[in-house]
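In the working numbering, the protein residues as written are 94 to 187. Don't be surprised by glycine CBs; every beta carbon is placed ideally from N, CA and C. Data first, discussion second: the structure below is written as structure tokens.
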């Protein structure tokens, strides 16, 4: 696991107060009204010890920027958030 994924994992664990295990990484393009609004990699983590969810989607808000300028975005998998692309689109407010 890369150091960037390790940092995402640590952030997910801190944000959601549980243990996260990396499962997969997927390329995602998110579109709204036919326009590209985000393009990057979303990492999927299995959650252990979370009261409500078993999966979380996490990504950097600025994947290719300097690491100290990035922020972790995450969405818990739920009935309405069933894929990495939907997680990104929802986080962006579309």
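query                                                                                         : result
Closer than 7 Å: residue 147 CB and nearest the ligand ADP heavy atom                         : Here there are no bound small molecules, and the ligand ADP is not part of this structure.
Proximity to residue 168 [Cα-Cα], best of 122, 185 and 162                                    : 185
Reduced DSSP secondary structure (H/G/I, E/B, other) of residue 167                           : strand
Residue burial classification, residue 170 (beta-carbon count within 10 angstroms, cutoff 16) : buried
Residue 115 beta carbon less than 8 Å from that of residue 135                                : no
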